[in-house]
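Have a look at the structure below, then the notes.
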Amino acid sequence: MRRAIVLSRNGPAWGVNPRVGAVLLAPDGTVLAEGWHRGAGTPHAEVDALSHLGDPRLALGATAVVTLEPCNHTGRTGPCSTALADAGVSAVYFGISDPGVASAGGAASLAARGVRAVAGLLAHDVEQSIRPWLSAVRTGRPFVTLKWASSLDGRTAAADGTSQWITGPDARSDVHERRGRVDAILVGTGTMLADDPELTARRSDGSLLPHQPAPVVIGARTVPAGSALARHPEPLRHYDTHDLPAVLDDLYDQGVRSVFVEGGPTLASAFVRAGLVDEFVVYLAPVLVGGPGLALGDLGVPSLPDARRLVIDSVDPVGADVRIVARPAPPAQPAPPAPTPALSAPQKETARVHRNH
224 MRRAIVLSRN GPAWGVNPRV GAVLLAPDGT VLAEGWHRGA GTPHAEVDAL SHLGDPRLAL
284 GATAVVTLEP CNHTGRTGPC STALADAGVS AVYFGISDPG VASAGGAASL AARGVRAVAG
344 LLAHDVEQSI RPWLSAVRTG RPFVTLKWAS SLDGRTAAAD GTSQWITGPD ARSDVHERRG
404 RVDAILVGTG TMLADDPELT ARRSDGSLLP HQPAPVVIGA RTVPAGSALA RHPEPLRHYD
464 THDLPAVLDD LYDQGVRSVF VEGGPTLASA FVRAGLVDEF VVYLAPVLVG GPGLALGDLG
524 VPSLPDARRL VIDSVDPVGA DVRIVARPAP PAQPAPPAPT PALSAPQKET ARVHRNH
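FYI, my numbering numbers position 189 of the sequence shown as 412, with every residue one higher than the one before it.
Okay, here's the thing in structure tokens:
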């Protein structure tokens, strides 16, 4: 399964389909073939692995190890559960169940064909490997990553408005690599007018990465015809609204499963206030700026006990800067009621007397 997770990372991180990896094993444990999903419309990981068998008869009695439950529906490709059963595979181990309404049910279909189907193998590891896609399918909206780069004292710009560059080239390169793994980048009209961003994913030499996220602008102000966004390789999507859930719903309906929010403090704070951020990626530069240019504004936190708590997933140096990746902490569970202390014999007698009176 660990090998299947590694294989899955060869597939695209963006798009409507998840990254999936598969390994086919002979009865003696020998690896027969491997496969992964290369994106919408291409063979799924299980079928890809079957296609790499030197002889199709090798699948008879084989075991398939797949990161995600084999699908059970016909879309651009046929159901993987049927392909595995037809090939003669005797057992399928997978990490997590398919959360899709139409695609789920592969394990039951396999069992009906006499194929042993076992769920839960390294489930946590698989969950983390496709967390954005899983979150999007389970919530019905794109996975939202909020990114900002700031000074150590939390400023994204100096008092005169200058903001390029707080962080160094390594951090900026890391941002572009992350841009190249999402479906869309969101900014507000304020950032768009102030910075005229390109919102592309680029290499250090300025050339474009193979995948480009769609540019999205939120706000009522007009996007100038001569802006850098007009030259973006993907069509601009402009939402003349401040209804963030509606924007995310529409993007999801268009096949967007992951978005990168790179707007200024107004848009960033609005996403945090609405509870729509699934991941924070923050780059801290070892400089002090001071002044009013804060990364976030009002978050609707009246008192420290109401602060929005985060769980830090990683802290890594990136060149001279530091990258922190965090996620919202799960809601605190109410403390269980304290057990009633046992009464001694004299206490019980006193209580009995009081009840009688």
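From the three backbone atoms N, C-alpha and C, an ideal C-beta is built for every residue, glycine too.
Where His399 falls: helix, strand or coil (DSSP):
The residue given as residue 399 occupies position 176 in the sequence shown. Secondary structure of His399 (DSSP, three-state): helix.
For a quick check, are the C-beta atoms of Ala508 and Ser374 less than 7 Å apart?
Sequence index remark: in the sequence shown, residue 508 carries index 285 (1-based). Sequence index remark: in the sequence shown, residue 374 carries index 151 (1-based). In this structure, Ala508 sits near Ser374, with a CB-CB distance shorter than 7 Å.
Suppose you measure from the CA of Leu345 to the CA of Phe366; what does that come to, to the nearest Å?
In the sequence shown, residue 345 corresponds to position 122, counting from 1. In the sequence shown, residue 366 corresponds to position 143, counting from 1. One C-alpha to the other measures close to 23 Å.
Ends of the beta strand (DSSP E) at Ala372?
Indexing the sequence shown from 1 puts residue 372 at position 149. Counted as a single uninterrupted DSSP element, the beta strand (DSSP E) harbouring Ala372 occupies residues 366-374.
Taking buried to mean at least 16 other C-beta atoms within 10 Å of its own C-beta, is Ile535 buried or exposed?
For the purposes of this step, residue 535 is taken as the residue at position 312 of the sequence shown. With fewer than 16 other Cβ atoms from the protein chains shown falling within 10 Å of its own Cβ, Ile535 counts as exposed.
For a quick check, are the C-beta atoms of Ala282 and Val243 less than 7 Å apart?
Walking along the sequence shown from the start, residue 282 turns up at place 59. Walking along the sequence shown from the start, residue 243 turns up at place 20. Using a Cβ distance threshold of 7 Å, Ala282 and Val243 do not count as a contacting pair.
Just curious, the alpha helix (DSSP H) that Glu257 is in, first and last residue?
The residue given as residue 257 occupies position 34 in the sequence shown. First-last for Glu257: 254-259, but that is the beta strand (DSSP E), not the alpha helix (DSSP H).
Inter-stretch contact at 8 Å, needing at least 3 Cβ pairs: the stretch 292-305 / the stretch 258-273
These segments touch.
contact_flag[the stretch 442-454, the stretch 416-423] where n(CB pairs < 8 Å) is 3 or more:
Yes: the two stretches touch, three or more of their Cβ pairs being nearer than 8 Å.
Would Asp544 be called buried (16 or more neighbouring beta carbons within 10 Å of its own) or exposed?
The residue labelled residue 544 in the question sits at position 321 within the sequence shown. Result: buried.
Cβ pair count under 8 Å reaching 3, the stretch 482-494 against the stretch 341-360
These segments do not touch.
Reducing DSSP to helix, strand and coil, say where Ala287 ends up.
Taking the sequence shown and counting its residues from 1, the one referred to as residue 287 is at position 64. In the three-state scheme derived from DSSP, where H, G and I count as helix and E and B as strand, Ala287 is classed as strand.
Quick check on Ile441: does DSSP put it in helix, strand or coil?
Indexing the sequence shown from 1 puts residue 441 at position 218. When DSSP states are grouped into helix, strand and coil, Ile441 belongs to the strand group.
Within the same chain, show all residues whose beta-carbon is closer than 7 Å to that of Val512, passing over the 5 residues directly before and after it, in chain order.
Within the sequence shown, the letter at position 289 stands for residue 512. Cβ within range, chain order: Ser374, Asp376, Arg378, Ala381.
Once DSSP output is grouped into helix, strand and coil, what is the label at Val243?
As a working mapping, residue 243 is identified with position 20 in the sequence shown. Correct three-state label for Val243: coil.
Per DSSP, cross-strand counterpart(s) of Leu273:
Translated into the one-based positions of the sequence shown, residue 273 becomes position 50. BP columns for Leu273 are empty, so no partner.
What's the gap between the Cα of Val315 and the Cα of Val239?
In the sequence shown, the residue the question calls residue 315 occupies position 92. In the sequence shown, the residue the question calls residue 239 occupies position 16. For the pair Val315 and Val239, the Cα-to-Cα distance works out to about 24 Å.
Span of the beta strand (DSSP E) holding Arg226?
If you number the sequence shown from 1, residue 226 lands on position 3. Note, Arg226: premise wrong, no beta strand (DSSP E); alpha helix (DSSP H) at 225-231.
Only counting the same chain, and skipping five residues up and downstream in sequence, which positions put a Cβ closer than 7 Å to that of Gly523?
Residue numbering aside, residue 523 sits at position 300 when the sequence shown is read from its first letter. If we look at Gly523 and ignore the five residues flanking it on each side, its Cβ neighbours are Arg496.
Does the contact criterion of 3 or more C-beta pairs under 8 Å hold for the stretch 275-289 versus the stretch 246-256?
Yes, they touch.
Distance between Gly337 and Gly328 (C-alpha atoms, nearest Å)
As a working note, residue 328 is residue 105 in the sequence shown. As a working note, residue 337 is residue 114 in the sequence shown. So the alpha carbons of these two residues sit roughly 15 Å apart.
Note down the Cα distance separating Phe483 from Asp406, rounded to an integer number of angstroms.
Here residue 483 refers to the residue found at position 260 of the sequence shown. Here residue 406 refers to the residue found at position 183 of the sequence shown. Near 8 Å, if we compare the C-alpha coordinates of Asp406 and Phe483.
What do you get for Val324, buried or exposed, if any count of 16 or more other CB atoms within 10 angstroms of its CB means buried?
Here residue 324 is taken as the residue at index 101 of the sequence shown, counted from 1. Val324 is exposed by the Cβ-count criterion.
Asn579 burial status per 10 Å Cβ neighbour count (16 or more: buried)
By 1-based counting over the sequence shown, the position of residue 579 is 356. Low per-residue confidence applies at Asn579: pLDDT is 47, beneath 50, and the placement is therefore not dependable, though the value from the model is reported in the following sentence. Classification of Asn579: exposed, given that the 10 Å Cβ count is below 16.
Pair within 7 Å by beta-carbon distance, Leu459 and Leu452
Translated into the one-based positions of the sequence shown, residue 459 becomes position 236. Translated into the one-based positions of the sequence shown, residue 452 becomes position 229. Yes; because the gap between Cβ atoms is below 7 Å, this pair is in contact.
Excluding the 5 residues flanking Gly411 on each side, which residues of the same chain have their C-beta closer than 8 Å to its C-beta?
Position 188 of the sequence shown holds residue 411. Closer than 8 Å at the Cβ level, and outside the excluded window around Gly411, lie Val440, Ile441, Gly442, Gly486, Gly487, Thr489, Leu490.
Tell whether a beta-carbon distance below 7 Å holds between Leu422 and Pro438.
Position 199 of the sequence shown, counted from the start, is the residue given in the question as residue 422. Position 215 of the sequence shown, counted from the start, is the residue given in the question as residue 438. The beta carbons of Leu422 and Pro438 sit closer together than 7 Å.
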